[in-house]
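In our numbering, the protein residues as written are 47 to 182.
Glycine residues also receive a C-beta, built at the ideal position from the N, C-alpha and C atoms.
One structure is given here, and the rest of the page talks about it.
Structure below.
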């Protein structure tokens, strides 16, 4: 009888240990996001681009780590950019695709780089052309 009790305890201990190891492995797997590196695209990344509108100044930045910000001078987000989880870039088509968890029809998710030089960049927001210059 004592042997059966020890066997039951050992079985529960083993099952508990297996569950903890599986939980730990799943947590480690969750933390393994591949890092995005667009640092080779220095012509548009890590630059605070801005443009004046009738209402306010817009600031847009594509960071080399794949993060993105787009906001007005007053601090409010433009194009629901506060919901954006980053971007991907296709060098062949010069297309930036913004990643939103639940995009809707009013959110622009595709931006094409039409033209650029060392001080300005022309972006096509799905048919709306916007020209930004480097923030000094």
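Nearest-angstrom beta carbon gap, residue 156 and residue 168 [assumed within contact, 8 Å]: Against the chain shown, residue 168 aligns to sequence position 122. Against the chain shown, residue 156 aligns to sequence position 110. In fact, because the Cβ distance is near 15 Å, the residues do not count as touching under 8 Å.
Enclosing beta strand (DSSP E) for residue 164 [first to last residue]: Position 118 of the chain shown, counted from the first residue, corresponds to residue 164. That residue, residue 164, is in no beta strand (DSSP E); it is neither H nor E in DSSP.
Cα-Cα separation between residue 142 and residue 59, rounded to whole angstroms: Along the chain shown, one-based indexing puts residue 142 at 96. Along the chain shown, one-based indexing puts residue 59 at 13. In a straight line, the C-alpha of residue 142 is about 52 Å away from that of residue 59.
Rounded straight-line distance, which links the Cα of residue 130 to that of residue 83: Locating residue 83 in the chain shown gives position 37, counting from the first residue. Locating residue 130 in the chain shown gives position 84, counting from the first residue. The alpha-carbon atoms of residue 83 and residue 130 are separated by roughly 17 Å.
Beta-carbon contacts of residue 135 that lie in its chain and below 7 Å, excluding the five residues immediately before and after: In the chain shown, residue 135 corresponds to position 89, counting from 1. So the qualifying residues of the chain are 84, 87, 142.
Residue burial classification, residue 106 (beta-carbon count within 10 angstroms, cutoff 16): Mapped onto the chain shown, residue 106 falls at position 60. Burial call: buried.
Cutoff 8 Å: residue 121 Cβ touching any chain D Cβ: No chain D is part of this structure, which consists of one protein chain only.
Inter-residue spacing [alpha-carbon to alpha-carbon] between residue 120 and residue 113: Here residue 120 refers to the residue found at position 74 of the chain shown. Here residue 113 refers to the residue found at position 67 of the chain shown. About 21 Å.
Residue of 115, 108, 159, 65 minimising C-alpha distance to residue 138: As a working note, residue 138 is residue 92 in the chain shown. Of the listed residues, the one whose Cα sits closest to residue 138 is 159.
For residue 179, three-class secondary structure by DSSP: Taking the first residue of the chain shown as 1, we reach residue 179 at position 133. Three-state DSSP puts residue 179 in a strand.
Rounded straight-line distance, which links the Cα of residue 115 to that of residue 163: Translated into the one-based positions of the chain shown, residue 163 becomes position 117. Translated into the one-based positions of the chain shown, residue 115 becomes position 69. Going from the Cα of residue 163 to the Cα of residue 115 covers about 21 Å.
Candidates 176, 61, 165, 54, of which the one nearest residue 154 by Cα: Locating residue 154 in the chain shown gives position 108, counting from the first residue. The option with the nearest alpha carbon to residue 154 is 176.
3 or more residues per run - each beta strand (DSSP E) lying fully within the region 62-137: 95-98, 103-108, 114-118, 133-136
Separation of residue 179 from residue 63, as counted between CA atoms: Residue 63 sits at position 17 when you count from the first residue of the chain shown. Residue 179 sits at position 133 when you count from the first residue of the chain shown. Cα-Cα distance, rounded: 58 Å.
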